[in-house]
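Trainee: Position 120, counted from 1, in the sequence shown is what our numbering calls 548; the numbers after and before it change by one each time, with no gaps. The beta-carbon is built from N, C-alpha and C at its ideal position, and this holds for glycine as well.
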Amino acid sequence: MTPHPRGDGDARRRRTGIMGGTFDPVHHGHLVAASEAASRFDLDEVVFVPTGTQPFKEASRVAPAEHRYLMTVVATASNPDFTVSRVDIDRAGTTYTIDTLTDLTQQRPDEDLFFITGADALGQILSWKEAHRLFDLAHFIGVTRPGHVLDVGDLPGDRVSLLEVPAMAISSTACRERVASGQPVWYLVPDGVVQYISKHGLYQPDPQGGAS
Ligand SMILES: Nc1ncnc2c1ncn2[C@@H]1O[C@H](COP(=O)(O)OP(=O)(O)OP(=O)(O)O)[C@@H](O)[C@H]1O
Ligand SMILES: O=C(O)c1ccc[n+]([C@@H]2O[C@H](COP(=O)([O-])O)[C@@H](O)[C@H]2O)c1
Numbered sequence: 429m430t431p432h433p434r435g436d437g438d439a440r441r442r443r444t445g446i447m448g449g450t451f452d453p454v455h456h457g458h459l460v461a462a463s464e465a466a467s468r469f470d471l472d473e474v475v476f477v478p479t480g481t482q483p484f485k486e487a488s489r490v491a492p493a494e495h496r497y498l499m500t501v502v503a504t505a506s507n508p509d510f511t512v513s514r515v516d517i518d519r520a521g522t523t524y525t526i527d528t529l530t531d532l533t534q535q536r537p538d539e540d541l542f543f544i545t546g547a548d549a550l551g552q553i554l555s556w557k558e559a560h561r562l563f564d565l566a567h568f569i570g571v572t573r574p575g576h577v578l579d580v581g582d583l584p585g586d587r588v589s590l591l592e593v594p595a596m597a598i599s600s601t602a603c604r605e606r607v608a609s610g611q612p613v614w615y616l617v618p619d620g621v622v623q624y625i626s627k628h629g630l631y632q633p634d635p636q637g638g639a640s
């Protein structure tokens, strides 16, 4: 796909990136991926969408949605083109991207949606709920991530684009583990997120062992 198709003389439709994630916590890998996708695909806005309960993480300990949402608001506050949606955390039940995209399409009927995913998530899409319908609702942008192979695989080539972004070897798991063991997360996550984690005592080791 041409990253930036425009009809000759046609009114340009608004182009909106959707960055879905657990964001536990949001880190600079997420922010760089969103920024690069916005630049390369001429997106007018990137909407960060923290998940409610992610289906593959139901057995995992995840910080409360309100904390993850607020950290994402703090992390994106300085960028006028980044916004945060509550659509997934306010919907009851497990978060499925088919519902995210259905809701956002209803909220934004005149916009073209571009769902941004890292290479790891892109490789799992065919196992997502109603995977075949996802590509009717959004174009997918798969971005490189250290340690993961970025490949279109069996996904529809005309609805998926691959994008190399500056390598950020950061994961939320590593950030949580660092906080739990007393190591700094300065410069891995935005300053305000460091302070939010500290203020609310997130990711402290629990008495049974392991990070909370
Ligand atoms: N460092 C990174 N570079 C590129 N993409 C990333 C990076 N980290 C996360 N992503 C992508 O951002 C989206 C949300 O990721 P998520 O919130 O699960 O972060 P994570 O670091 O993978 O978390 P965890 O370690 O808890 O699984 C996913 O599409 C994921 O592939
Ligand atoms: O719809 C699904 O079945 C599905 C299964 C797993 C993950 N997702 C979505 O993938 C995005 C990245 O998830 P995560 O947990 O890796 O941050 C996020 O928007 C999730 O809602 C979606």
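For Thr450 and Ala439, what's the separation of their Cα atoms in angstroms?
Mentor: Walking along the sequence shown from the start, residue 450 turns up at place 22. Walking along the sequence shown from the start, residue 439 turns up at place 11. Their Cα atoms are separated by approximately 35 Å.
Trainee: Let's see if you can read the secondary structure: which residues bound the beta strand (DSSP E) around Leu590?
Mentor: Translated into positions along the sequence shown, residue 590 becomes position 162. Where Leu590 is concerned, the enclosing beta strand (DSSP E) stretches over 588 to 591.
Trainee: Looking at Leu591 and Leu550, is the spacing between their C-beta atoms short of 8 Å?
Mentor: Counting from 1 along the sequence shown, the entry for residue 550 is found at position 122. Counting from 1 along the sequence shown, the entry for residue 591 is found at position 163. No, these two residues do not count as a Cβ contact at 8 Å.
Trainee: Relative to the C-alpha of Val512, which candidate in Phe469, Phe484, Leu459, Arg561 has its C-alpha closest?
Mentor: The sequence position of residue 512 within the sequence shown is 84, counting from 1. The residue with the shortest Cα to Cα distance from Val512 is Leu459.
Trainee: How is the alpha helix (DSSP H) around Val571 delimited, first residue to last?
Mentor: On the sequence shown, position 143 is the one that residue 571 refers to. No alpha helix (DSSP H) contains Val571, which is instead part of the beta strand (DSSP E) from 567 to 571.
Trainee: With Gly570 and Val588 assumed to form a contact (beta carbons below 8 Å), what rounded beta-carbon distance in angstroms separates them?
Mentor: Sequence index remark: in the sequence shown, residue 570 carries index 142 (1-based). Sequence index remark: in the sequence shown, residue 588 carries index 160 (1-based). Yes, they are in contact, since the Cβ atoms of Gly570 and Val588 sit about 6 Å apart, within 8 Å.
Trainee: Using C-beta distances below 6 Å, list every residue in its chain close to Arg496, excluding the 5 sequence neighbours before and after it, in chain order.
Mentor: Residue numbering aside, residue 496 sits at position 68 when the sequence shown is read from its first letter. The residues are Phe451, Asp452, Pro478.
Trainee: If I'm right that Gly480 touches Arg441 with Cβ under 8 Å, what's the distance once you round it to whole angstroms?
Mentor: On the sequence shown, position 52 is the one that residue 480 refers to. On the sequence shown, position 13 is the one that residue 441 refers to. Incorrect: roughly 29 Å between the Cβ atoms, too far for contact.
Trainee: Would you please state the rounded distance, in angstroms, between the beta carbons of Val502 and Val621? I believe it to be under 8 Å.
Mentor: Taking the first residue of the sequence shown as position 1, residue 502 is located at position 74. Taking the first residue of the sequence shown as position 1, residue 621 is located at position 193. Yes, they are in contact, since the Cβ atoms of Val502 and Val621 sit about 6 Å apart, within 8 Å.
Trainee: Please report the straight-line C-alpha distance between Ser565 and Glu464, rounded to a whole angstrom.
Mentor: Working through the sequence shown from its first residue, we reach residue 565 at position 137. Working through the sequence shown from its first residue, we reach residue 464 at position 36. The displayed chain sequence assigns Leu, not Ser, to residue 565. Taking the straight line joining both Cα atoms gives about 22 Å.
Trainee: For Ser555, count the other beta carbons within 10 Å of its own beta carbon; 16 or more makes it buried, fewer makes it exposed. Which is it?
Mentor: Locating residue 555 in the sequence shown gives position 127, where the first residue counts as 1. Exposed.
Trainee: Is Asp527 helix, strand or coil by DSSP?
Mentor: For this step, residue 527 is matched to residue 99 along the sequence shown. Asp527: helix per DSSP, three-state reduction.
Trainee: Does the beta-carbon of His560 have 16 or more other beta-carbons within 10 angstroms, so that it is buried, or is it exposed?
Mentor: Numbered from its first residue, the sequence shown carries residue 560 at position 132. Counting Cβ neighbours within 10 Å, His560 comes out exposed, since fewer than 16 surround it.
Trainee: Considering only C-alpha positions, which residue in the set Gly610, Tyr615, Leu616 is nearest to Gly629?
Mentor: Residue 629 sits at position 201 when you count from the first residue of the sequence shown. Looking at the Cα atoms, Gly610 is the closest of the given residues.
Trainee: Would the C-beta of Arg573 count as close to ligand 1, meaning under 7 Å from any of its heavy atoms?
Mentor: By one-based count along the sequence shown, residue 573 stands at place 145. At least one heavy atom of ligand 1 is nearer than 7 Å to the Cβ of Arg573, so yes.
Trainee: What are the boundary residues of the beta strand (DSSP E) that Asp619 is part of?
Mentor: What you label residue 619 is simply residue 191 of the sequence shown in a count that begins at 1. Run containing Asp619: none in the beta strand (DSSP E); it sits in the alpha helix (DSSP H), 619 to 628.
Trainee: In three-state DSSP terms, what is Pro478?
Mentor: Residue mapping note: residue 478 aligns to position 50 of the sequence shown, counting from 1. Reduced to three states, the DSSP call for Pro478 is strand.
Trainee: Buried or exposed for Arg573, please, with buried defined as at least 16 other CB atoms from any protein chain shown within 10 angstroms of its CB.
Mentor: Within the sequence shown, the letter at position 145 stands for residue 573. Burial call: buried.
Trainee: What's the call for Ser488, buried or exposed, on a 16-neighbour Cβ count within 10 Å?
Mentor: Taking the first residue of the sequence shown as position 1, residue 488 is located at position 60. By the neighbour-count rule (16 or more Cβ atoms within 10 Å), Ser488 is not buried but exposed.
Trainee: Tell me whether Leu550 sits in a helix, a strand or coil according to DSSP, three-state version.
Mentor: Within the sequence shown, the letter at position 122 stands for residue 550. Reduced to three states, the DSSP call for Leu550 is helix.
Trainee: Quick check: what's the CA-CA separation for Asp538 versus Arg606?
Mentor: The residue given as residue 538 occupies position 110 in the sequence shown. The residue given as residue 606 occupies position 178 in the sequence shown. Spanning the two alpha carbons is a distance of roughly 43 Å.
Trainee: Who are the near neighbours of Glu558 in its chain, counting only those whose CB is closer than 7 Å to its CB and skipping five residues on each side?
Mentor: Reading the sequence shown from its first residue, position 130 is the one you call residue 558. Answer for Glu558: Ile526, listed in chain order.
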